Amino acid sequence: MKLHWQILIALVAAFAAGSLLGDVPLFIRTMDMLGTMFLNALRMLIVPLIVSAMICALLGIGNGAGLARLGGRTVVYFLATTLISVTTALVLVNLVSPGIIDGVPAGERLGLSADTARVTESVADRGQGDLLDILVRMIPVNVFEAAAKADMLGLIFFSILFGYFAARLPDGLMQSQQRFWQGIYEVMIRLTGLIMWFAPLGVFALVSQTVAQTGLDALLPLALFFGVVVAALLIQMLVWLPLILRSFGLSPLRHFKAVGPALLTAFSTSSSAATLPVSLQRLQSEAGVSAKVSGFVMPLGTTVNMNGTALYECAAALFIAQAYGLELSILTQFTVVALALLTSIGVAGIPSASLVAIAIILTAVGLPLEGVGLILAVDRVLDMARTAVNVFGDTVGAVLMAHLEGEQVLPGATEAQAAVAPPASDASG
Ligand code: ASP
Numbered sequence: 023m024k025l026h027w028q029i030l031i032a033l034v035a036a037f038a039a040g041s042l043l044g045d046v047p048l049f050i051r052t053m054d055m056l057g058t059m060f061l062n063a064l065r066m067l068i069v070p071l072i073v074s075a076m077i078c079a080l081l082g083i084g085n086g087a088g089l090a091r092l093g094g095r096t097v098v099y100f101l102a103t104t105l106i107s108v109t110t111a112l113v114l115v116n117l118v119s120p121g122i123i124d125g126v127p128a129g130e131r132l133g134l135s136a137d138t139a140r141v142t143e144s145v146a147d148r149g150q151g152d153l154l155d156i157l158v159r160m161i162p163v164n165v166f167e168a169a170a171k172a173d174m175l176g177l178i179f180f181s182i183l184f185g186y187f188a189a190r191l192p193d194g195l196m197q198s199q200q201r202f203w204q205g206i207y208e209v210m211i212r213l214t215g216l217i218m219w220f221a222p223l224g225v226f227a228l229v230s231q232t233v234a235q236t237g238l239d240a241l242l243p244l245a246l247f248f249g250v251v252v253a254a255l256l257i258q259m260l261v262w263l264p265l266i267l268r269s270f271g272l273s274p275l276r277h278f279k280a281v282g283p284a285l286l287t288a289f290s291t292s293s294s295a296a297t298l299p300v301s302l303q304r305l306q307s308e309a310g311v312s313a314k315v316s317g318f319v320m321p322l323g324t325t326v327n328m329n330g331t332a333l334y335e336c337a338a339a340l341f342i343a344q345a346y347g348l349e350l351s352i353l354t355q356f357t358v359v360a361l362a363l364l365t366s367i368g369v370a371g372i373p374s375a376s377l378v379a380i381a382i383i384l385t386a387v388g389l390p391l392e393g394v395g396l397i398l399a400v401d402r403v404l405d406m407a408r409t410a411v412n413v414f415g416d417t418v419g420a421v422l423m424a425h426l427e428g429e430q431v432l433p434g435a436t437e438a439q440a441a442v443a444p445p446a447s448d449a450s451g
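In structure tokens form, the structure reads like this:
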């Protein structure tokens with residue numbers, strides 16, 4: 023049975039088990055243990071994978087013109103798709119007004135007096151989203167510390183520089199660097215294959231635990247907000263991004279099939295960083311994207327390109343304003359859009375990381391920070407959905423960039439090809 027079907031079955035079973043066995047402590051503890059083991063196994067690969075993928079990519083890209091072309095296109099794609107997703111949220115929230123129930127701001131009904139301590143606690147330790155801070159954080163003081171802290175931005179910055187200069191070493195030295203990093207990259211990809219054997223079990227454990235702990239009751243008062251965010255995410259995932267693929271002659275269906283397990287992993291783990299190994303493996307093996315392109319686009323995309331997160335930030339800020347009964351001017355709404363776009367760049371690919379960015383937006387447009395308390399109840403579940411959209415946006419970007427680089431993507435990809443395709447051939451040209 024195909025992996026995505028196995029994971030889907032695990033997902034459905036997890037919903038059933040989570041709601042039936044949610045009160046059994048032994049079940050919760052076992053699921054917690056299994057889920058954490060699966061997550062840790064994926065996270066274990068992130069650092070060596072990012073570094074080796076980026077360096078291999080830079081060695082493959084070779085000259086400065088190639089880097090400028092791929093980098094330029096990638097940045098344009100990231101910005102354009104994030105803007106589309108944020109605008110979708112802006113329009114939907116204005117049309118549906120989930121923060122206003124029966125003509126009255128929903129704040130009081132939702133118990134607006136959320137306590138500040140809880141909000142502060144929930145936004146702490148989620149990474150930083152401050153705009154200028156992103157630039158400062160980009161340069162790591164110590165690469166090993168960056169690695170130890172899984173500081174993706176710092177690692178990427180270092181790896182790009184390393185790869186750029188490694189590609190300019192004299193012949194013998196350059197080749198030995200290439201072989202070394204390609205070896206590490208290939209081992210990581212193969213390890214990901216091994217971990218994905220356990221994906222159905224890992225997904226079952228993670229999701230059943232979430233279902234058991236969240237409970238449907240918490241979602242009900244916020245059903246409208248929940249529905250608007252899910253609808254906007256679906257539009258981004260099923261309409262806009264597939265349209266982009268189509269307009270370049272690429273099949274969205276094939277793309278979904280190729281990256282399905284990565285999307286399901288993102289959904290279950292709520293972490294695009296933890297999903298990176300799976301995304302890279304699927305892009306290489308099923309979508310036929312070279313290590314050169316996927317190694318460049320995916321680590322970068324995982325760190326800075328978050329369609330779902332930006333969309334959610336915008337929807338949440340506007341919803342909170344509505345719930346407080348505050349009319350936001352068009353100008354303020356555009357400020358929210360711009361801030362959602364910019365702060366999503368600094369959001370870490372870990373669970374609930376957007377809460378800190380939402381806090382920044384609220385403060386910037388003069389809304390009370392406690393507003394975050396309104397959405398906490400649905401955040402966990404919406405996190406799963408937006409993380410899947412984040413990862414989907416990155417994979418579409420990788421496939422598109424590979425297509426623009428003249429690679430044969432999606433149509434020709436077969437499993438057999440995948441298993442043997444060494445990044446060496448990609449990296450050399
Ligand atoms: N959990 C998201 C991710 O990993 C980030 C967020 O929106 O909280 O992509």
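Under my numbering, the first residue of the sequence shown is numbered 23, with each subsequent residue one higher.
Heads up, the beta-carbon is just placed ideally off N, CA and C, and yes, glycines get one too.
This structure is a prediction, so every number in the text was calculated from the model and none was measured.
Between which two residues does the alpha helix (DSSP H) containing residue i stretch?
i	result
Ala36	Leu25 to Leu43
Gln306	Ser294 to Ser307
Arg65	Pro47 to Ile83
Asp173	No alpha helix (DSSP H) contains Asp173, which DSSP labels as neither H nor E.
Gly249	Ala245 to Ile257
Ala362	Ile352 to Gly368
Among the options, which one has its Cα closest to the Cα of residue i?
i	options	result
Gly475	Phe60, Ser230 and Leu195	Absent from the model: residue 475. The displayed extent of the chain is 23 to 451, so no value can be given.
Leu157	Gly368, Ser294 and Leu48	Gly368
Thr110	Gly330, Ser316 and Leu89	Gly330
Asp401	Val251, Val281 and Leu114	Val251
Leu64	Ser366, Ala379 and Ser294	Ser294
Val233	Phe184, Phe37 and Cys78	Phe37
Leu265	Val387, Val46, Leu422 and Gly224	Leu422
Ala3	Gly419, Thr236, Ala189 and Leu361	The structure shown has nothing for residue 3, since the chain only spans 23 to 451.
Leu216	Gln303, Ile372 and Pro120	Gln303
Ser307	Leu322, Pro321 and Pro283	Pro283
Gly419	Leu213, Ser301 and Ala375	Ser301
Leu22	Phe414, Pro390 and Val358	This structure cannot settle anything about residue 22, because the visible part of the chain is limited to 23 through 451.
Ile397	Ser312, Ser290 and Leu246	Leu246
Thr103	Leu384, Ala362, Val403 and Asn327	Asn327
Leu175	Asp155, Thr417 and Ser119	Asp155
Gly428	Met53, Gly88, Ser74 and Leu42	Gly88
Leu353	Val387, Ala370, Gly371 and Trp262	Val387
Asp416	Ala375, Thr297, Ile383 and Tyr334	Thr297
Gly249	Thr58, Thr357 and Leu404	Leu404
Thr365	Ser374, Ala332, Gly371 and Leu389	Ala332
In whole angstroms, what is the alpha-carbon distance linking residue i and residue j?
i	j	result
Met406	Gly194	46 Å
Asp448	Lys314	With a pLDDT of 43 at Asp448, under the threshold of 50, the predicted position of this residue should be treated as unreliable, though the coordinate-derived value follows. About 6 Å.
Leu56	Leu348	45 Å
Gln28	Val34	10 Å
Gly44	Phe226	13 Å
Val394	Arg201	49 Å
Pro274	Glu130	43 Å
Ile211	Leu81	18 Å
Arg95	Ser107	18 Å
Ala280	Ile83	24 Å
Lys24	Leu191	43 Å
Phe166	Gly317	21 Å
Asn62	Thr287	13 Å
Leu350	Asp173	36 Å
What three-state label does DSSP hand residue i in the structure shown?
i	result
Val126	strand
Ser376	helix
Lys279	helix
Pro222	helix
Val431	coil
Tyr99	helix
Val315	helix
Tyr346	coil
Phe270	coil
Met328	coil
Arg148	Because the pLDDT at Arg148 is just 49, under 50, the model does not fix this residue reliably, and the point stays unresolved.
Asn412	helix
Arg201	helix
Leu132	coil
Ser119	coil
Ile156	helix
Arg453	An answer regarding residue 453 cannot be provided, because it is not within the stretch 23 to 451 covered by the chain.
Would you mind sorting residue i into buried or exposed? The rule is 16 or more other CB atoms within 10 Å of its CB.
i	result
Phe180	buried
Val431	buried
Ala435	Unreliable positioning characterises Ala435 in this predicted model, as indicated by a pLDDT of 43, which lies under 50. The coordinate reading is nonetheless provided below. Flag for Ala435 reads buried.
Arg408	buried
Phe270	exposed
Gln235	exposed
Ser198	exposed
Trp219	exposed
Asp124	exposed
Asn412	buried
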